[in-house]
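>
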Ligand SMILES: [Zn+2]
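In the working numbering, the protein residues as written are 17 to 221.
1. Would you say the beta carbon of residue 27 is closer than 8 Å to some non-hydrogen atom of ligand 1?
2. What do you reckon, is the C-beta of residue 62 under 8 Å from a heavy atom of ligand 1?
3. With respect to the alpha helix (DSSP H) encompassing residue 133, which residues constitute its N-terminal and C-terminal limits?
4. Going by other Cβ atoms of all chains shown within 10 Å of its Cβ, with 16 needed for buried, is residue 139 buried or exposed?
5. Can you give me the C-alpha to C-alpha distance between residue 29 and residue 54, rounded to a whole angstrom?
6. Where does residue 37 land, buried or exposed, given buried means 16+ other C-beta within 10 angstroms?
7. CB-CB under 8 Å to residue 190, same chain, minus the five flanking residues each way: which ones, in chain order?
8. Given this structure, state the Cα-to-Cα distance separating residue 62 from residue 73, to the nearest angstrom.
9. May I ask you to report which of helix, strand or coil DSSP gives residue 199?
Next up, the structure:
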């Protein structure tokens with residue numbers, strides 16, 4: 017049987033397509049000054065195994081160069097690099113690539129609550145600011161005369177509560193459940209409270 021030495025690993029194999037890839041040289045190719053008349057078929061000089069290894073090595077060299085690391089470093093970490101790259105490619109926000117999975121999901125949750133990527137950079141500050149805005153917006157009464165008081169003191173809340181004569185306050189004074197307080201009763205109670213306040217202020221002055 018005709019044999020052939022692999023030009024790479026120097027092993028001797030049968031010179032067949034089982035061990036070597038086919039090489040086709042097209043008609044018209046000039047070899048040593050002669051023009052090839054017909055397509056010529058021969059075997060490649062390295063065995064199939066080495067051919068595969070060479071291809072892998074070429075790819076690894078290219079990847080190492082792209083990542084700006086040495087070939088050895090790439091080979092030692094190829095699996096991890098591959099995993100990271102696949103994780104990053106699946107990320108909706110590439111900005112999260114250096115975060116742990118936990119931090120990543122936390123940030124996604126924040127975005128779903130309406131925070132922007134810019135907000136996340138300074139999350140605690142933005143969160144406090146938003147809470148304050150929400151708190152001020154949701155106040156039951158207008159406290160603007162107190163300035164930018166945040167949070168409100170119990171005293172400020174109480175004084176407002178007593179200034180604004182609510183149905184709940186009247187019902188409490190009348191010893192009634194709020195739902196039993198008719199508009200007429202409320203008006204009556206309100207008048208009586210205003211009157212009492214007037215009298216009190218006259219007495220104390
Ligand atoms: Zn070989």
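Just so it is clear, CB atoms sit at the ideal spot from N, CA and C, and this is done for glycine as well.
From the atom records:
1. yes
2. yes
3. 133-137
4. exposed
5. 27 Å
6. exposed
7. 197, 201 and 205
8. Cα to Cα, the separation comes out at about 14 Å.
9. Of the three classes helix, strand and coil, the one that applies to residue 199 here is helix, per DSSP.
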